[in-house]
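Below is one structure; the comments refer to it alone.
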Amino acid sequence: MMENSIAWILLFPLFGAVLSSLLGMANRKVCWPIGVLSALGAFGAGIMTLIRVIDSPDHMVVYLFGGWTLDSFPRGVGIEFRADLLAILITLIVLGVGLCVAIYSKLPVEQETPEKEGFFYPLFLLQITGLAGICLTGDAFNLYVLIEVAALTGYGLIAMGSKRAAAATFNYVILGTIGASLYLLGVGYLYIKTGTLNMVGINEFIGATEGLKESPTMQVAFVLICLGILIKMAFFPLHAWLPNAYCHAPTATSCLLAPLVTKVMIYVMIRMVLTVFGVDFSFESTLWSSVLPWLVVIAIVSAAVMALAQREIKRMLTYLIVAEVGYMVGGVWIYNYYGMVGSIFHIISDACMTLCLFLGAGLILRKCKTTRFDGLRGLFSKMPLTMTGFFVGGFSIIGLPPTCGFFSKWYLITGAMVAERWEYMVALLFSTMVMVVLFFRLIERIHLAVNESGENLGKGHGDLGLTKEQTRFSEGPLTMLVPLLSAAAVVLAIGIYNQEFVDLIEIFLDPFDLPGEPLSK
Amino acid sequence: MFEDGLIFLNELFLERLNYVIYVVLLLIGLHAMIAKNNFIKKLIGMSIFQTAIILFYVSIGVKEGATIPIYLPEHDPHGEQAYATGGPEALTVEQVTSYANPLPHVLMLTAIVVGVATLGLALALCQKIYQGYGTVEEDELMAKLEKEDASSRKPKTHPAGKSSSKPEVSSRAKRSGTNSVGKTTAPQAKKSSGARKTKAPVKKATRKSDQKKGDSK
Amino acid sequence: MKNTSLIPVVLVGFLLFYASTDFPEWGDPQSPASSSPVSSHFIAKTGVDTEVPNMVTAVLADYRGFDTMLETVVVFIAGMAVLAILRNFSRKKPVKRGHEVSVEPDLIVTNTVRLVVPVIQIFSFYVLAHGHVSPGGGFQGGVLMGASFILIALSWDLERALTRFPINRCMVVAALGILLYAGIGVLSMALGGEFLDYAELEKVLPVSREMARYHAMLGVEIGVGFTVTAIMFALYANLSSRGRLEGGL
Numbered sequence: 023m024m025e026n027s028i029a030w031i032l033l034f035p036l037f038g039a040v041l042s043s044l045l046g047m048a049n050r051k052v053c054w055p056i057g058v059l060s061a062l063g064a065f066g067a068g069i070m071t072l073i074r075v076i077d078s079p080d081h082m083v084v085y086l087f088g089g090w091t092l093d094s095f096p097r098g099v100g101i102e103f104r105a106d107l108l109a110i111l112i113t114l115i116v117l118g119v120g121l122c123v124a125i126y127s128k129l130p131v132e133q134e135t136p137e138k139e140g141f142f143y144p145l146f147l148l149q150i151t152g153l154a155g156i157c158l159t160g161d162a163f164n165l166y167v168l169i170e171v172a173a174l175t176g177y178g179l180i181a182m183g184s185k186r187a188a189a190a191t192f193n194y195v196i197l198g199t200i201g202a203s204l205y206l207l208g209v210g211y212l213y214i215k216t217g218t219l220n221m222v223g224i225n226e227f228i229g230a231t232e233g234l235k236e237s238p239t240m241q242v243a244f245v246l247i248c249l250g251i252l253i254k255m256a257f258f259p260l261h262a263w264l265p266n267a268y269c270h271a272p273t274a275t276s277c278l279l280a281p282l283v284t285k286v287m288i289y290v291m292i293r294m295v296l297t298v299f300g301v302d303f304s305f306e307s308t309l310w311s312s313v314l315p316w317l318v319v320i321a322i323v324s325a326a327v328m329a330l331a332q333r334e335i336k337r338m339l340t341y342l343i344v345a346e347v348g349y350m351v352g353g354v355w356i357y358n359y360y361g362m363v364g365s366i367f368h369i370i371s372d373a374c375m376t377l378c379l380f381l382g383a384g385l386i387l388r389k390c391k392t393t394r395f396d397g398l399r400g401l402f403s404k405m406p407l408t409m410t411g412f413f414v415g416g417f418s419i420i421g422l423p424p425t426c427g428f429f430s431k432w433y434l435i436t437g438a439m440v441a442e443r444w445e446y447m448v449a450l451l452f453s454t455m456v457m458v459v460l461f462f463r464l465i466e467r468i469h470l471a472v473n474e475s476g477e478n479l480g481k482g483h484g485d486l487g488l489t490k491e492q493t494r495f496s497e498g499p500l501t502m503l504v505p506l507l508s509a510a511a512v513v514l515a516i517g518i519y520n521q522e523f524v525d526l527i528e529i530f531l532d533p534f535d536l537p538g539e540p541l542s543k
Numbered sequence: 009m010f011e012d013g014l015i016f017l018n019e020l021f022l023e024r025l026n027y028v029i030y031v032v033l034l035l036i037g038l039h040a041m042i043a044k045n046n047f048i049k050k051l052i053g054m055s056i057f058q059t060a061i062i063l064f065y066v067s068i069g070v071k072e073g074a075t076i077p078i079y080l081p082e083h084d085p086h087g088e089q090a091y092a093t094g095g096p097e098a099l100t101v102e103q104v105t106s107y108a109n110p111l112p113h114v115l116m117l118t119a120i121v122v123g124v125a126t127l128g129l130a131l132a133l134c135q136k137i138y139q140g141y142g143t144v145e146e147d148e149l150m151a152k153l154e155k156e157d158a159s160s161r162k163p164k165t166h167p168a169g170k171s172s173s174k175p176e177v178s179s180r181a182k183r184s185g186t187n188s189v190g191k192t193t194a195p196q197a198k199k200s201s202g203a204r205k206t207k208a209p210v211k212k213a214t215r216k217s218d219q220k221k222g223d224s225k
Numbered sequence: 004m005k006n007t008s009l010i011p012v013v014l015v016g017f018l019l020f021y022a023s024t025d026f027p028e029w030g031d032p033q034s035p036a037s038s039s040p041v042s043s044h045f046i047a048k049t050g051v052d053t054e055v056p057n058m059v060t061a062v063l064a065d066y067r068g069f070d071t072m073l074e075t076v077v078v079f080i081a082g083m084a085v086l087a088i089l090r091n092f093s094r095k096k097p098v099k100r101g102h103e104v105s106v107e108p109d110l111i112v113t114n115t116v117r118l119v120v121p122v123i124q125i126f127s128f129y130v131l132a133h134g135h136v137s138p139g140g141g142f143q144g145g146v147l148m149g150a151s152f153i154l155i156a157l158s159w160d161l162e163r164a165l166t167r168f169p170i171n172r173c174m175v176v177a178a179l180g181i182l183l184y185a186g187i188g189v190l191s192m193a194l195g196g197e198f199l200d201y202a203e204l205e206k207v208l209p210v211s212r213e214m215a216r217y218h219a220m221l222g223v224e225i226g227v228g229f230t231v232t233a234i235m236f237a238l239y240a241n242l243s244s245r246g247r248l249e250g251g252l
């Protein structure tokens, strides 16, 4: 059990999916418990793997499927899972979010997609399998298959809802397929030049072969892979699929997909840059590294402005995701130690805070039947716990100190200053400003008695100008409230214990020799 | 200069014809996926796109003078040779060059299956869109979606603040100069009747496309 | 719109042509892909490692067996997702189909199908089981088997095919296929190996380690065949009737 813990991370949700589809035909009621239990099992296996990774001398656990061990077979014959610190941290985030949403999903699924539990939970669990596998795999082609597992389950989960959701999903299918196919093509280009699909094998081959770094095939392979992943992560000019798909998806689906899919794709980019192509090749041999930081600036600014234009919470959050993707991509491409730390840390914190916000938005939608801004007046006195959880996420997005968002943004800005990328820093600060406006506008609506046109309707001191019935305490159900509050607690906990996380990330980044690394190490 | 160009063209089109063809196919597919208006045409483009990538991978696996990657009788682990020597033996380097590389073929089996899965799912989406909106043309669908989004954007009466929402609605209605009640009902009625009208002729087309897909399987 | 979409197409085309001038010689046996230690190992040692004459099958089901398991899962997901998208539980009453004319199934067609279907099914078993020594395997066999049911649905109507293979049974069979595949993997894990390390099955099978791999691959292929058969038919049944599972084309 212990030495196979990596395999169990994927096997728990896989078996859970098969079982819930089998038993779900007989009785739909058993789907939810199976879903929660297998998500819990996977999370346990993830914790176990984290302990093993930290305990092992080189902070790495390698698992070879099919027993094709490295000492008696050449590397790349079998499929390899490599859990280093970065991989296992992101996997744990995936599994944690999966567990939270699995618990949360009970009531929204019953309400929004009635009688479809037997389809929802298998797809839900396979989505977790796919995303966790993407984080752990050490094989470039296996990564493609896992990307497709995650993508297809995502299409199914989104389109399961209304007909509007189906219309939005079609764009996602087209763009997602272009993205995944470009990635596949890039892997083919790597294969034609290196003859292996194993990530470490490719990296070793690039390092050992003269002149490979300058070859057009490698350059184009790099561009194709990056382009494919950028489409998949909804980087600004390629983001067209995301807002509609996530906005019209059923609540439980958007809670699972929104925090994870884009972040896992950024993880894939970091993996490609650091592990597969190597730092020298990615940052110094390609044109890409001089173009992308400017695209990032455009991405952050325009996504923030578009978020400002939205009058509905869920839609606003989707544009925030697009802006956050810009932060993280920028943190990677400013080519700096602190930027990379900030980027990785921001993956972790952004997943948690986006989860908070979407869980909160789901609760608001359930209670108020709308997530439009003008329907939220005086909501704080009605559901104080929900709104507290929601605003912990919101403050983290803005970057207020005790939350984790502050620390990750701190590292990103430090990186921008050390690398003297002032344009990136200005974009970060501008979008922070925009997010302050966004969330304080919401606070105004929810806590104070201000209506759409800015008039004050109440008399102050808690009088919102509403009747007693309208402000009566009425919280959401416990299965939805507990995940939200625990997500909010995690956001605060990661913020308070940020040094522990940064230490782990620094151990991971140590061998890569990024510029700007503090000399004391 | 001219000579060089000829050599380049010769190299590109005669010796690497597969690579050229795959790029052309890929571009056709990509263009169809981006530019075509009809969803089914987009999906046809998607199939061409994926097939082009499969062609590329299979081209990687080509090896001059090699046969398919299945052991010839003399190398068969269960053949007479193996029994004579007491078990299968690893092939020598020269023998290895006489078999094609099996890996690209395996990878493409995976890619084909993924392609079929994506296509099936996308066709199901098309049917759901057609059921819901009565069209599989992108521009018509966009117009309908815009109309739907606009009607859902109108402020509804919400639980937190009935007293205040009413004047808001009426002030909006005054600004746009129409009766709010009439506005909400009219487009819906129009839509449903319009959908019914358009349904009949388009139905044949989708039935045809269904048939095609059934045949291709 | 039409013209702006040409820009990315031209850009991608330029990139790809630029790269293809740099590829190794066409069919060069010394190219990295053909001469790498990985592909040489597959060609030289497949017989020794697994005793399977068809290297593609060995690579598919054993060396890269984990890929193939996920691939089967992808097929399963497609079936699940199509059912989830198209099935409408809220509207149970039958939809009137005014435009469809019910025609008696054609005598020649049905009788031909009656003759052909058993042959197709037996051939699909052959393709599945013979995948170790000739081109074939679980996916191909499964698609053939699924095609035989689709043929029944095409020549009579969907209901007739669905009485043979109801949609619920489809999903059960598909799930069982994955369960079989992953179950063999877990069994080899329980016997002390890694996931999908079929060689460990020698402890329960009366054969050598290599032959254990050989037999386990057959089991795995059968699992794949189950899933593919069921999902191919489920996809056809749902897509041809818009999720109503009646009438069909």
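Chains as they are written, first to last, in my numbering: chain A, 23 to 543; chain B, 9 to 225; chain C, 4 to 252.
Each residue gets a CB set at the ideal place from its N, CA and C atoms; glycine is no exception.
>> Once the 5 residues before and after residue 349(A) are set aside, which same chain residues still bring their CB inside 7 Å of it?
In response: For residue 349(A), where only same-chain residues beyond five positions count, the Cβ hits under 7 Å are 322, 368, 434 and 450.
> Quick one: what's got a C-beta closer than 6 Å to residue 45(C)'s C-beta in the same chain, skipping five residues either side?
Replying inline: Excluding sequence neighbours, residue 45(C) sits near 58 and 62.
> Quick one: what's got a C-beta closer than 8 Å to residue 191(A)'s C-beta in the same chain, skipping five residues either side?
Replying inline: Excluding sequence neighbours, residue 191(A) sits near 177, 180, 181 and 267.
>> Under DSSP, the beta strand (DSSP E) around residue 84(B) begins and ends at which residues?
In response: Here residue 84(B) belongs to no beta strand (DSSP E), and DSSP marks it neither H nor E.
> Between the C-alpha atoms of residue 218(B) and residue 243(C), what's the straight-line distance to the nearest angstrom?
Replying inline: Interpretation of residue 218(B) is limited by its pLDDT of 45, a score under 50 that renders its predicted location unreliable; no figure is taken from the coordinates.
>> Can you check whether the C-beta of residue 69(C) is within less than 8 Å of a C-beta belonging to chain B?
In response: no
> What does residue 214(A) reach in chain C if we use C-beta pairs closer than 9 Å?
Replying inline: 26, 27, 34, 35 and 36
> Got a sec: is the Cβ-Cβ distance from residue 91(B) to anything in chain C below 8 Å?
Replying inline: no
> Would you call the region 54 to 69 of chain A and the region 116 to 124 of chain A in contact, with 3 or more CB pairs under 8 Å?
Replying inline: The way I'd put it, the region 54 to 69 of chain A does touch the region 116 to 124 of chain A; three or more beta-carbon pairs between them come closer than 8 Å.
> Would you say residue 440(A) and residue 358(A) are within 8 Å of each other, going by their C-beta atoms?
Replying inline: yes
> Would a C-beta distance cut-off of 8 Å place residue 111(B) and residue 41(C) closer than the cut-off?
Replying inline: yes
>> With a threshold of 8 Å between beta carbons, is residue 190(C) in contact with chain A?
In response: no
>> Output needed for residue 74(A): all residues of its chain with C-beta closer than 7 Å, excluding positions within five of it in sequence on either side, in chain order.
In response: 27 and 83
> Helix, strand or coil: which one does DSSP assign to residue 90(C)?
Replying inline: coil
> How big is the Cα-Cα spacing for residue 90(B) and residue 79(B)?
Replying inline: 12 Å
>> So within the region 235 to 263 of chain A, which uninterrupted alpha helix (DSSP H) runs reach at least 4 residues, ignoring any that extend past its ends?
In response: 238 to 254
> When the distance is taken between beta carbons, is residue 97(A) closer than 8 Å to residue 301(A)?
Replying inline: no
>> Can you tell me whether residue 183(B) is buried or exposed? The criterion is at least 16 other CB atoms within 10 Å of its CB, across all chains shown.
In response: Summary for residue 183(B): the model assigns pLDDT 41, below 50, so the residue's position carries little reliability, and this model does not support an answer.
>> What would DSSP say about residue 103(A), mapped onto helix, strand or coil?
In response: strand
> Is the Cβ of residue 497(A) closer than 8 Å to any Cβ of chain B?
Replying inline: No, no contact with chain B.
> By Cβ distance below 8 Å, which residues in the same chain neighbour residue 245(C) in space, the five residues on each side in sequence not counted?
Replying inline: 89
>> Buried or exposed, going by whether 16 or more other CB atoms sit within 10 Å of the CB of residue 355(A)?
In response: buried
>> Cβ closer than 7 Å: which chain C residues qualify as neighbours of residue 154(B)?
In response: Correct list: empty, because the minimum Cβ distance to chain C is about 16 Å.
>> Output needed for residue 227(B): all residues of its chain with C-beta closer than 6 Å, excluding positions within five of it in sequence on either side, in chain order.
In response: Nothing about residue 227(B) can be read from this structure; chain B reaches only from 9 to 225.
> Just curious, the alpha helix (DSSP H) that residue 101(B) is in, first and last residue?
Replying inline: 101 to 104
> Is residue 50(A) helix, strand or coil by DSSP?
Replying inline: helix
>> Less than 8 Å between CB atoms is the rule here; does residue 64(B) satisfy it with respect to chain A?
In response: Yes - at least one Cβ of chain A is within 8 Å of the one on residue 64(B).
>> Counting only C-beta atoms, is residue 237(A) closer than 8 Å to chain C at any point?
In response: yes
> Are any of the Cβ atoms in chain B nearer than 8 Å to that of residue 163(A)?
Replying inline: yes
>> Suppose you measure from the CA of residue 166(B) to the CA of residue 400(A); what does that come to, to the nearest Å?
In response: A caution first: residue 166(B) carries a pLDDT of 43, below 50, which makes its placement in the model unreliable, though a value can still be read off. If I take the Cα positions, the gap works out to 12 Å.
> Can you find a C-beta in chain C that's less than 8 Å from the C-beta of residue 82(B)?
Replying inline: no
> Which of the three DSSP states, helix, strand or coil, is assigned to residue 34(A)?
Replying inline: Assignment of residue 34(A) by DSSP, reduced to helix, strand and coil, places it in the helix class.
>> Beta carbons nearer than 7 Å to chain B: which residues of the region 59 to 93 of chain A have them?
In response: Only those residues of the region 59 to 93 of chain A whose C-beta falls short of 7 Å from the nearest C-beta of chain B would be listed, and there are none.
> Roughly how far, in whole angstroms, is the beta-carbon of residue 250(A) from the beta-carbon of residue 211(A), given that I think they are within contact range, below 8 Å?
Replying inline: Contact doesn't hold; Cβ gap of about 12 Å is too wide.
> Enumerated in chain order, which unbroken segments of the alpha helix (DSSP H) with a length of 4 residues or greater are wholly contained in the region 201 to 241 of chain A?
Replying inline: Runs found: 221 to 230.
> For residue 443(A), which of helix, strand or coil comes out of DSSP?
Replying inline: coil
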